[in-house]
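**Q** Everything in the sequence shown is counted per the working numbering, starting at 3 for the first residue and increasing by one.
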Amino acid sequence: MVFYMYDQFNAIVKAAYFNFLPFFSQTHEQPSAQGITPTTAEGTQKQRAMDCDNSGGGYYMEQPTSVNTVGLTLYDNPVGQLYWIIEKFVISIEFAGYFPALDNPPTLADDIRLIGKYFES
Numbered sequence: 003m004v005f006y007m008y009d010q011f012n013a014i015v016k017a018a019y020f021n022f023l024p025f026f027s028q029t030h031e032q033p034s035a036q037g038i039t040p041t042t043a044e045g046t047q048k049q050r051a052m053d054c055d056n057s058g059g060g061y062y063m064e065q066p067t068s069v070n071t072v073g074l075t076l077y078d079n080p081v082g083q084l085y086w087i088i089e090k091f092v093i094s095i096e097f098a099g100y101f102p103a104l105d106n107p108p109t110l111a112d113d114i115r116l117i118g119k120y121f122e123s
């Protein structure tokens, strides 16, 4: 729907901001047929959004089958949510060497365990 609106009103609307709301075309050929060429960054973001669409809801499919033992007044286990948020953060952002621990998975795992211990206490 958003892509259709873009196609119909792109001469009228000069700017729009969609926070992580990619507007996919109905077919993969449609953008190139209309002369739309995404940049490398846009292509990467599109692929990440599609990956999130295809596999990003696994946490919510898995957790309703688990027993909630921590924080009965919370929606879910906060430690599980923390790990899930960190995983999605690492998957969706390129760090380009800004966070050395992310280049070393064992160090990253240790950091996540320490954060988890903080929330468990």
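All residues carry an ideal CB built from backbone N, CA and C; glycine is no exception.
At the level of alpha carbons, what is the spacing between Thr46 and Lys119?
**A** Walking along the sequence shown from the start, residue 46 turns up at place 44. Walking along the sequence shown from the start, residue 119 turns up at place 117. Taking the straight line from one Cα to the other gives about 34 Å.
**Q** Verify whether the separation of the beta carbon atoms of Ile87 and Ile114 is less than 7 Å.
**A** For this step, residue 87 is matched to residue 85 along the sequence shown. For this step, residue 114 is matched to residue 112 along the sequence shown. In this structure, Ile114 does not lie closer than 7 Å to Ile87 by Cβ.
**Q** Just the Cα atoms here: how many angstroms apart are Ser34 and Tyr85?
**A** If you number the sequence shown from 1, residue 34 lands on position 32. If you number the sequence shown from 1, residue 85 lands on position 83. Looking at the two C-alpha atoms, the distance is approximately 39 Å.
**Q** DSSP three-state label for Pro80, please.
**A** Indexing the sequence shown from 1 puts residue 80 at position 78. Pro80: helix per DSSP, three-state reduction.
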